[in-house]
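Keeping their order, the protein sequence lines are chains B and L.
Following the numbering used here, the numbering of the first sequence begins with 27 at its first residue and continues without gaps.
Following the numbering used here, the numbering of the second sequence begins with 65 at its first residue and continues without gaps.
Beta carbons are placed, not taken as given, at the ideal position from N, Cα and C, and that holds for glycine.
Accompanying notes for the structure given below.
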Amino acid sequence: MSSVSTEESDRRLVDIMVAYQMGEMEGFEQLFHALATSVRNYLASLSRDFDRAEDLLQETFLQVHRSRQTYSPPRPVKPWIFGIARYVYLMDRRSKVRKSRFETTAKVELPELPVDSLAEGLPVTDDLLRALDEVPEDRREAVLLHHVWGFSFREIGAMLGISERAAKLRSFRGIQALRAIMVEGEAG
Amino acid sequence: MTDPAAGGTTQRIPESLRQAVSCDLKPVCPLAAPWRRMLWVVPLTIVAFLLPQLIMGPRPDLDQIGMVLGWLPMIVQLLLGLGLLGMALREAVPGIGISRGRIGGLMIAAIGLHVLVNAAIWRFYPTTVEGVWSLWWMCFRHELFLGIPFLLVVAWLAVRALPVRPRTIGLLSGVGAGVMADATWRMVCPISEVSHVLSSHLAPVFVLGALGYFLGWIWERSRYSIG
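Written out as structure tokens, the structure is:
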């Protein structure tokens, strides 16, 4: 993903968002079509449950609609929407934790994630997906946000409430862990 | 347009979502930047400064402690308090959160300044009165009285956005409110005895912080229940 096309895409998203804030349904539709898949994949990477991610995606866009006034142009749209998606996921997790006192749930497999651009030099295989599953959650999130969805470390820091340096470190350690797990897997 | 990292597939809008959106598609005005929303706090700051000065009068040793231990720390403390409140408002917008390090750093700076200034006043111009403990409640409740409006206004402004970390925002608002209240109240109360400063002037900062955190926790629990 080149920086020019990313900038263009970001600018276009801002225009779409402004139109949506002005009350155009088409704006919402374009926003949904532009970001729904990556937001769903992000939610799936957090929740490790594709079906749940579908529900959360709908809840995220409902929340986007309810909170559309909180977006201030010309800030980038993607960190704002991913921030809302993370919020929706956390709320869902909190309510699940409360429920889980009464129920037990089976561990689910990490869903298949779009890892095309992930960790240049690493082969995109089932092994990689399995290895990703073993990377600690916070590091995996930083790796995916940077390498898959193309966020800058500054944006990741602002989304996760950590410093840019900490975001960089998490991603770096995530990649290191990923490599170590894969090497271990090959050796074993 | 598809997201380059999306894997090339396009998602259909669920009918229920489309209906929910189309039913309520009135134009909205984008939320002002956090620093502009902070302007709401300015009149409150002026009132919080003037009210104790008008009712109780300035502290009698103001000439003694002078600019360096009087007005200057008050202004710096007010700015730090405003910084904390501004952080709370910024934190309330998704995607532009602040790191825990910065939040902790500013809190420590604000509380550290309070401790340093009071220690310096106690060192150079110690003032105490008979039965200092009887005055504990007076200063404590006045600081709370001055701080609560800041907490409520900032909490209201934060709730109008979308607080992703409501407890953090509550804590920031509470400590910020406490720091603002303490800065203005110190220009009235001349007692610099350590026990009085800690129990009557610093304790309200922590109490307001805890109150803010509690409000955030309640908001978090009550706001959304999914599934």
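Close-in-space but distant-in-sequence residues of the same chain around residue i (CB under 8 Å, 5 per side omitted)
| i | result |
| --- | --- |
| Ile119 (chain L) | none |
| Val90 (chain B) | Leu57, Ile107, Ile110 |
| Asp125 (chain L) | Tyr189, Thr191, Pro254 |
| Trp186 (chain L) | Ser256, Glu257, Val258, Val261 |
Sequence-distant residues of its chain with Cβ nearer than 7 Å to residue i (five each side left out)
| i | result |
| --- | --- |
| Leu266 (chain L) | His178 |
| Lys133 (chain B) | The pLDDT assigned to Lys133 (chain B) is 48, lower than 50, so where the model puts this residue is not dependable; a value taken from the coordinates is nonetheless given after this. If we look at Lys133 (chain B) and ignore the five residues flanking it on each side, it has no Cβ neighbours. |
| His172 (chain B) | Phe179, Ile182, Ser197 |
| Gly150 (chain L) | Pro98, Trp99, Met102 |
Through-space distance from residue j to residue i, alpha-carbon basis
| i | j | result |
| --- | --- | --- |
| Glu167 (chain B) | Pro268 (chain L) | 39 Å |
| Val169 (chain B) | Trp201 (chain L) | 53 Å |
| Leu116 (chain B) | Arg285 (chain L) | 12 Å |
| Val132 (chain L) | Lys90 (chain L) | 54 Å |
| Trp281 (chain L) | Gln128 (chain L) | 44 Å |
| Pro99 (chain B) | Ile175 (chain L) | 35 Å |
| Leu155 (chain B) | Leu195 (chain B) | 21 Å |
| Leu114 (chain L) | Val65 (chain B) | 50 Å |
| Leu186 (chain B) | Pro78 (chain L) | 28 Å |
Where residue i meets chain B, residues with beta-carbon distance less than 7 Å
| i | result |
| --- | --- |
| Pro94 (chain L) | Gln47, Gln95, Tyr97, Ser98, Pro99 |
| Ile77 (chain L) | Glu55, Phe58 |
Local Cβ density within 10 Å of residue i, reported as buried at 16 or more and exposed below that
| i | result |
| --- | --- |
| Lys104 (chain B) | buried |
| Ser197 (chain B) | buried |
| Trp135 (chain L) | exposed |
| Glu194 (chain L) | exposed |
| Ala193 (chain B) | buried |
| Glu212 (chain B) | exposed |
| Leu144 (chain B) | Because the pLDDT at Leu144 (chain B) is just 46, under 50, the model does not fix this residue reliably, and the value given afterwards should be weighed accordingly. Leu144 (chain B) should be labelled buried. |
| Leu279 (chain L) | buried |
Chain-ordered neighbours of residue i on chain L, where CB pairs are closer than 9 Å
| i | result |
| --- | --- |
| Glu160 (chain B) | The premise fails here: Glu160 (chain B) is roughly 22 Å from chain L at the closest Cβ pair, so nothing lies under 9 Å. |
| Gly200 (chain B) | Result: empty, since nearest Cβ-Cβ is about 17 Å, beyond 9 Å. |
| His91 (chain B) | Leu81, Ala84, Val85, Asp88, Leu89 |
Contacts around residue i, its chain only, beta-carbon distance under 6 Å, and the 5 residues preceding and following it disregarded
| i | result |
| --- | --- |
| Leu235 (chain L) | Gly273, Gly276, Tyr277 |
| Leu72 (chain B) | Tyr115 |
Chain L contact residues for residue i, given Cβ-Cβ distances below 7 Å
| i | result |
| --- | --- |
| Gly211 (chain B) | Those do not exist, as Gly211 (chain B) stays about 24 Å from chain L at its closest Cβ, beyond 7 Å. |
| Ile188 (chain B) | Ser163, Arg164 |
Contacts that residue i makes with chain B (C-beta to C-beta distance below 9 Å)
| i | result |
| --- | --- |
| Ser86 (chain L) | Met51, Phe54 |
| Leu272 (chain L) | None at all; the shortest Cβ gap to chain B is about 22 Å. |
| Leu226 (chain L) | Gln89, Arg92, Ser93, Thr96, Gly109, Ile110, Tyr113 |
| Pro124 (chain L) | The contacting residues do not exist; Pro124 (chain L) stays about 45 Å from chain B at best. |
Residues that residue i contacts on chain L, provided the C-beta gap is smaller than 8 Å
| i | result |
| --- | --- |
| Met208 (chain B) | The contacting residues do not exist; Met208 (chain B) stays about 21 Å from chain L at best. |
Partner residues on chain B for residue i, Cβ-Cβ distance less than 8 Å
| i | result |
| --- | --- |
| Ala229 (chain L) | Residue 229 (chain L) is actually Arg in this sequence, not Ala. Those are Gly187, listed as they occur along chain B. |
| Val252 (chain L) | Correct list: empty, because the minimum Cβ distance to chain B is about 37 Å. |
Any C-beta of chain C under 8 Å from that of residue i
| i | result |
| --- | --- |
| Ala97 (chain L) | No chain C appears in this structure, whose protein chains are B and L. |
Going along the chain, which unbroken runs of the beta strand (DSSP E) with 3 or more residues stay wholly within the stretch 165 to 220 of chain L? none
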